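Numbering of the sequence shown is given in this note's numbering, commencing with residue -17 and proceeding in unit increments.
We put the CB at the ideal spot given by N, CA and C, even for glycine.
Small disclaimer: the values here were computed from a predicted structure and weren't measured.
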Amino acid sequence: MTRNQVMMIGVAGILLILIITSGCIAFAGNTPELQPVSDEHTREMQAALYPVIYLITDEMDDACSLVMKTARELDGKEATDPDVRLALVKLRRDIPFSFEAGLFDADDTLIASTEDLGATMEIGSGKATHHYTEEDFKAAGSRCIVSGYTTLLHGDNGFTFTAPVYDDEGKYNGNLRVGIDTRALFAGINEYLRNEYGYTIWVTQENGLVIYDPDSQEIGENLISDTLYQIPSLQSAVKKILTDPSGNASYFFHDPTWVNFVQTNTVWGTVSPGYGMTWKIVLSDNVPEKTSGDPEEMRTPEELKAFVEEAYVYAQKEGKEKALAAFNDPRGEFSDGELYIFAYDMDGVTMALPYQPGLIGTSRWFIEDPSGVKIMQRMVSRAQQGGGYLCYLYPNPDHNYAQEYKLSYLMPVDDTWFIGAGSYIQNSPLSNSEYIDWQAREDLTYQVRNMQYIAATEGIPSLTAMIKDPTSSLQIDGLYPFAVAENGTVLACSLKPWLDGTNQLGRTTALGVSLFREMISTAREGGGVFYCLDGDPGSSDAQYMLIYVEPAGASVCVGSMLIIG
């Protein structure tokens, strides 16, 4: 895609936004007609969907059983009892797609949680978003109450499983709530479907609120009321999806350029994840195939940094308004093919994005890539630390918007906004049809959270001994656990035991990423995942990894590495 083509897309995109926000959709030229779908194609889609329905149903039933079991263990216990927090930590470990677990009293005040939530909710005063009565729990019976999509304890968005807790005399005494991450629940399954069958899924509540979509910008939007979805064929399909337990439908929706429309064919089924909630899981065949072409030569980390520093000098000299105008010009000096300057404020609101002008002014705080890397939150964190490199998966317009491995360099302009630029790494396995198996991703989460539990119950010395012992119960095939002190000293590293006892705080990878600083900063912020390339990107022995870290006490970070490819 040339810069002139991209510029034309940008102009058309602005016109499209104006049309959408006016409440009507206009197709270019004659209104296209939906093409018929063969029975064979519909059956093939249904055959791919049904296992997903069963899998999600089983996942929800298992999670509910764990929540109910833990609630019974908490019956009659005071919130200050150390066993309460350990039970919550264990529950969070056993539900890998959970955010956190919290215990609430009968007035829905938070009285215990898996971690310090002081930034978002104070123990002893914070109130739950949803209020449930004893009668609600009686009506639910043996099922957990499932909330709608909402803001959770930690400030993230998702839904909750809630179960009643009783005192020594069997009287209702409060409730146990577990926040569930819908992206973590569905993203791995979606990547499996995308790569193995060429399908994707999106999920909506019966009120039309989207709780999962591969495009994380759409999560939290309403299919019925949001202007983005006011396309006649789509609205007709939405009515069927929200009304009928299962079925198939076709509609027009935007292609990855957000300029043209393409027919999308779907099948769907209904899942009841718990008492009080119903989901529609919709499987779609509108998955663009990755196109081949002459990839642009990857820019070196030094070239990326120099380009961003040049833009920084320009912003300091010319001022914010003029700089943003220059950064948003796809024909300007700060746009050269895939190398261009982007800008965001420290809340993740888009300020400059020359090839996607329709996103200017929108918040991208919650965007994640398919592996769960919180792209914007990691960018903001890196900028607030003074700048640096970050790797993530991002659509490449030169390859029909396929997700590819990207290295970016970020730099704060001042304490209110930052700039960056990136380059795709074409020889990464994640840029060439490799994807992370959802079960391996859940194993990675379980192992790290198990390390948290072991640290809390047996202590850090016992944990480090288990990391070093390849036969310990902690070990999982294909995963490499580690523990690092906050000062950068490696306490134990199963992949590279010769690092034990050394300080690696100043070590950087071939792509310029400060690996151990990334581990420590991510753990300080509550944990999460990020990528690492160990070795030169062009060498045959280069290892791409997904790393998950969590804090284990005030001064230790624990994590594990999953090698990709």
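Could you spell out where the alpha helix (DSSP H) holding residue i opens and where it closes?
| i | result |
| --- | --- |
| Asp150 | Asp150 -> no alpha helix (DSSP H), and no H or E assigned at all. |
| Trp420 | 420 to 440 |
| Thr164 | 164 to 179 |
| Leu37 | 21 to 56 |
| Lys388 | Unbroken run through Lys388 is the beta strand (DSSP E), 384 to 394; no alpha helix (DSSP H). |
| Val295 | 283 to 300 |
| Val14 | For the record, residue 14 in the displayed sequence is Pro; it is not Val. Careful: Pro14 lies outside any alpha helix (DSSP H) and carries neither H nor E. |
| Ser215 | 214 to 225 |
| Leu68 | 64 to 76 |
| Ala536 | Counting along the chain, Ala536 falls outside any alpha helix (DSSP H), and DSSP gives it neither H nor E. |
| Thr453 | Premise fails: Thr453 is in no alpha helix (DSSP H) and is neither H nor E. |
| Phe498 | 497 to 506 |
Any Cβ of chain B within less than 9 Å of the Cβ of residue i?
| i | result |
| --- | --- |
| Gly106 | Of the chains in the structure shown, none is chain B; there is only one protein chain. |
Near residue i, what residues of its chain come up, given a Cβ to Cβ distance below 7 Å and the 5 sequence neighbours on each side ignored?
| i | result |
| --- | --- |
| Lys109 | Asp90, Thr91 |
| Leu56 | Val66, Ala69, Leu85, Val147, Leu158 |
| Ser4 | The pLDDT assigned to Ser4 is 33, lower than 50, so where the model puts this residue is not dependable; a value taken from the coordinates is nonetheless given after this. If we look at Ser4 and ignore the five residues flanking it on each side, it has no Cβ neighbours. |
| Gly369 | Leu392, Met393, Pro394 |
| Lys356 | Glu350, Gly510 |
| Asn204 | Gly190, Leu191 |
| Cys475 | Phe464, Leu481, Asp482 |
Tell me which same chain residues have a C-beta within less than 6 Å of the C-beta of residue i, skipping the five on either side of it?
| i | result |
| --- | --- |
| Ala10 | Per-residue confidence for Ala10 stands at a pLDDT of 45, beneath the threshold of 50, marking its modelled position as unreliable; no derived number is given. |
| Glu97 | none |
| Cys373 | Leu389, Tyr513 |
| Pro336 | Asn310, Pro312, Ser317, Tyr322 |
| Ile105 | Leu92 |
| Tyr417 | Glu173, Asn177 |
| Val(-12) | Here Val(-12) scores only 36 on pLDDT, less than 50, and its place in the model is too uncertain to base an answer on. |
| Ala83 | Leu70, Leu73, Arg74, Thr96, Val160 |
What distance in whole Å lies between the Cβ atoms of residue j and residue i, which are believed to be in contact at a cut-off of 8 Å?
| i | j | result |
| --- | --- | --- |
| Thr182 | Val249 | Rounded, the Cβ-Cβ distance is 12 Å, inconsistent with contact. |
| Thr491 | Leu497 | 6 Å |
| Ala30 | Leu321 | Rounded, the Cβ-Cβ distance is 38 Å, inconsistent with contact. |
| Val331 | Gly319 | Wrong, their Cβ atoms sit about 26 Å apart, outside the cutoff. |
| Tyr371 | Leu389 | 6 Å |
| Phe81 | Gly140 | 6 Å |
| Ile551 | Leu528 | Here the chain covers residues -17 to 547 and nothing more, so residue 551 does not appear. |
| Tyr526 | Leu412 | 7 Å |
| Val71 | Tyr530 | Actually they are not in contact, since the Cβ atoms of Val71 and Tyr530 sit about 16 Å apart, beyond 8 Å. |
| Leu445 | Tyr462 | Going by Cβ atoms, the distance from Leu445 to Tyr462 rounds to 15 Å, so no, they are not a contact pair. |
| Leu473 | Val538 | 7 Å |
| Glu116 | Tyr154 | 4 Å |
| Val253 | Ile35 | 6 Å |
| Phe143 | Ala45 | 6 Å |
Buried or exposed: residue i, going by 16 or more other Cβ atoms within 10 Å of its Cβ?
| i | result |
| --- | --- |
| His381 | buried |
| Asp351 | buried |
| Asp197 | exposed |
| Arg360 | buried |
| Leu37 | exposed |
| Ile124 | Residue 124 is actually Ser in this sequence, not Ile. Ser124 should be labelled exposed. |
| Asn230 | buried |
| Trp480 | exposed |
| Ser207 | exposed |
| Asn189 | exposed |
| Asp267 | buried |
| Lys287 | buried |
| Asn432 | buried |
| Pro78 | buried |
| Lys304 | exposed |
| Gly404 | buried |
| Asp163 | buried |
| Lys262 | buried |
| Ser415 | exposed |
| Pro452 | exposed |
Could you check where the beta strand (DSSP E) with residue i kicks off and where it finishes?
| i | result |
| --- | --- |
| Phe86 | 80 to 87 |
| Asp516 | 510 to 516 |
| Pro533 | 525 to 533 |
| Thr490 | First-last for Thr490: undefined, no H or E at that position. |
| Asp327 | 324 to 327 |
| Met333 | 332 to 334 |
| Ala121 | Ala121 -> not in any beta strand (DSSP E); alpha helix (DSSP H) instead, spanning 116 to 122. |
| Phe243 | 243 to 256 |
| Ala465 | 461 to 467 |
| Thr186 | 182 to 187 |
| Ala474 | 472 to 475 |
So, for residue i: in the same chain, excluding its five sequence neighbours on each side, which residues have a beta-carbon less than 8 Å away from its beta-carbon?
| i | result |
| --- | --- |
| Ala121 | Tyr257 |
Item checked: Stretch-stretch touch, CB-based, cutoff 8 Å, three pairs: the stretch 320 to 340 with the stretch 396 to 407 -> yes
Item checked: At least 3 beta-carbon pairs within less than 8 Å: the stretch 421 to 438 vs the stretch 306 to 319 -> Of all C-beta pairs linking the stretch 421 to 438 to the stretch 306 to 319, fewer than three are shorter than 8 Å, placing the two stretches out of contact.
Next item on the list: Say whether the stretch 43 to 56 touches the stretch 173 to 187, bearing in mind that this needs 3 or more beta-carbon pairs closer than 8 Å, one atom from each stretch.
Entry: Because the criterion of three Cβ pairs below 8 Å is not met, the stretch 43 to 56 and the stretch 173 to 187 do not touch.
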